[in-house]
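Just below is one structure, and these are the notes that go with it.
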Ligand code: EPZ
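In our numbering, the protein residues as written are 171 to 584.
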């Protein structure tokens, strides 16, 4: 699919079921390696990043089988601890295999994940925590080489609540000797999901979802069957589409308890949100109000992954808006594309100031990364006329059925 074509300018009207969470599924798939047995995951999103992670697991010797949105991993045949360069390049989240490969085999080799469009993406916090647990990292020019005969629990402190570092340390700690504390842990729902999944395999984790997590090492883990929570960022993206276009949308199965940090922004924009059974329903006026002083923060603050879709929605609001991006240093890449549609945005370091305009104009747009691509869908949906979003493969990394979802919400897309 070379491009998505969207006829914009109509209010939303429809409903969509929210897929499983990409950022919960990826660390859970990595953690399945810890158990030399079978893991069954329900509501696993069939997206490119999940397919990439499953390719890596197969490459390591695991068996993988899909049945609708259920995936079964049999990790008994794990025969390697080395991730190939082409796989690591395909998806930087392969770094979350560091903790599980060390926990299962005592070794890991993962090519440096490197930066990406949104930022440098260092892994110093991962390495520092693992070193404290006894992991050695011999000099290796091309990648992270790690080995540890026996992981030892310790008191670990994260200077920043890194999601990935918390995930790696959790996976390394569940089979380690003794007790591990992680102070300053990330509190994202995806961490809670990972801890629940690990506990369902027999791990002993307390404090999940808080900044102080205690892991008591166990000797072994066992088979499990687990259902992944719905994706709060996908649900939030469609809330952004609603405030951008106006109208009404029902999000079936939206993880409302994981979305509290984003609701105040939509309320200030003039949207109304309520629950109808298992649906989160949003009703928005044709043109919402701008909001100033929005900050992306670690959970439970406004999520950085929703910053670009929200910026797109703020472009045609009444009045001024401002967003400060506090998590990634280069996450304003869609500003140029939005300006090409008539948006009025000024950027000063990590702050963007948006002067709402009556209408955006559709045009040829180019996605450069996942959430920026999703933001262009939001912009195209509320713009006058036709838009084509090229390089939409980036969007397919995290959105299982973006074309079908947008159609179900009443947006003309093909
Ligand atoms: C996860 O990335 C998510 N990815 C990201 O979603 C999300 O934006 C991010 O968490 C923050 O919520 C997955 O879960 C697969 P971090 P991660 O470690 O783990 C700095 C998406 O669109 N940092 O919390 O890489 C880092 O540079 C993706 O779905 C260090 O300095 O995020 C960044 O500025 C994008 N040293 C900040 O912390 C470290 O060792 C947040 O990074 C690690 C991180």
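Where a beta carbon is used, it is the ideal one built from N, C-alpha and C, also for glycine.
Inter-residue spacing [alpha-carbon to alpha-carbon] between residue i and residue j
i: residue 449; j: residue 316; result: 45 Å
i: residue 527; j: residue 514; result: 7 Å
i: residue 540; j: residue 569; result: 9 Å
i: residue 517; j: residue 312; result: 36 Å
i: residue 215; j: residue 189; result: 6 Å
i: residue 272; j: residue 279; result: 10 Å
i: residue 557; j: residue 324; result: 54 Å
i: residue 198; j: residue 339; result: 13 Å
i: residue 457; j: residue 408; result: 16 Å
i: residue 330; j: residue 554; result: 42 Å
i: residue 430; j: residue 379; result: 14 Å
i: residue 365; j: residue 333; result: 13 Å
i: residue 226; j: residue 187; result: 29 Å
i: residue 320; j: residue 385; result: 16 Å
i: residue 293; j: residue 270; result: 16 Å
i: residue 485; j: residue 503; result: 15 Å
i: residue 361; j: residue 314; result: 23 Å
i: residue 266; j: residue 488; result: 42 Å
i: residue 459; j: residue 446; result: 25 Å
i: residue 531; j: residue 371; result: 52 Å
i: residue 200; j: residue 512; result: 43 Å
i: residue 228; j: residue 238; result: 19 Å
Identified DSSP bridge partners for residue i
i: residue 557; result: 176
i: residue 490; result: 525
i: residue 127; result: This structure cannot settle anything about residue 127, because the visible part of the chain is limited to 171 through 584.
i: residue 453; result: 418 and 442
i: residue 185; result: 420
i: residue 376; result: 384
i: residue 514; result: 525
i: residue 570; result: None; residue 570 has no bridge partner.
i: residue 289; result: 286
i: residue 351; result: 325 and 384
i: residue 281; result: 313
i: residue 306; result: 317
i: residue 252; result: 279
Proximal residues to residue i (C-beta, below 6 Å), its chain only, five neighbours per side dropped
i: residue 399; result: 191, 194, 363 and 425
i: residue 453; result: 418 and 442
i: residue 182; result: 412, 415, 417, 419, 579 and 580
i: residue 274; result: 203 and 204
i: residue 428; result: 359 and 402
i: residue 233; result: 244
i: residue 483; result: 410, 413, 414 and 548
i: residue 561; result: 536 and 537
i: residue 241; result: 211 and 214
i: residue 349; result: 323 and 386
i: residue 480; result: 410
i: residue 282; result: 313
Extent of the continuous beta strand (DSSP E) to which residue i belongs
i: residue 301; result: Careful: residue 301 lies outside any beta strand (DSSP E), inside the alpha helix (DSSP H) at 294-302.
i: residue 580; result: Unbroken run through residue 580: none, as it is neither H nor E.
i: residue 273; result: Residue 273 -> not in any beta strand (DSSP E); alpha helix (DSSP H) instead, spanning 267-275.
i: residue 313; result: 313-317
i: residue 131; result: Because the chain in this structure spans residues 171 to 584, residue 131 falls outside the shown range and cannot be described.
i: residue 599; result: Outside the shown range of the chain (171 to 584) lies residue 599, about which nothing can therefore be said.
i: residue 602; result: For residue 602 there is no data in the structure shown, the boundaries of the chain being 171 and 584.
i: residue 220; result: Unbroken run through residue 220 is the alpha helix (DSSP H), 218-229; no beta strand (DSSP E).
i: residue 241; result: 240-244
i: residue 535; result: 534-536
Own chain residues within Cβ distance below 7 Å of residue i, not counting five before or after
i: residue 587; result: Given a span of 171 to 584 for the chain in the structure shown, any question on residue 587 remains unanswerable.
i: residue 573; result: 174 and 583
i: residue 525; result: 490 and 514
i: residue 498; result: 288, 289 and 474
i: residue 397; result: 212 and 213
Of the listed residues the options, nearest to residue i (C-alpha basis)
i: residue 374; options: 381, 360, 359 and 390; result: 390
i: residue 296; options: 289, 327, 274 and 285; result: 327
i: residue 260; options: 576, 567, 356 and 571; result: 567
i: residue 522; options: 534, 492, 512 and 531; result: 492
i: residue 289; options: 262, 230, 393 and 446; result: 262
i: residue 337; options: 180, 381, 507 and 307; result: 381
i: residue 111; options: 507, 509, 505 and 465; result: What is shown of the chain runs 171 to 584, which leaves residue 111 out entirely.
i: residue 438; options: 462, 247 and 353; result: 462
i: residue 255; options: 235, 249 and 222; result: 222
Limits of the alpha helix (DSSP H) - the one that residue i falls within
i: residue 474; result: Counting along the chain, residue 474 falls outside any alpha helix (DSSP H), and DSSP gives it neither H nor E.
i: residue 461; result: Note, residue 461: premise wrong, no alpha helix (DSSP H); not H, not E.
i: residue 197; result: 192-201
i: residue 367; result: 359-370
i: residue 506; result: 505-510
i: residue 340; result: 333-343
i: residue 546; result: 540-552
Same chain, Cβ closer than 8 Å to residue i, neighbours up to 5 away in sequence not counted
i: residue 565; result: 174, 537, 540, 543, 544, 547, 559 and 572
i: residue 422; result: 185, 186, 187, 188, 448 and 449
i: residue 154; result: Absent from the structure is residue 154, since the part of the chain shown begins at 171 and ends at 584.
Test: residue i CB closer than 8 Å to a CB of chain C
i: residue 545; result: The structure shown contains no chain C; it is built from a single protein chain.
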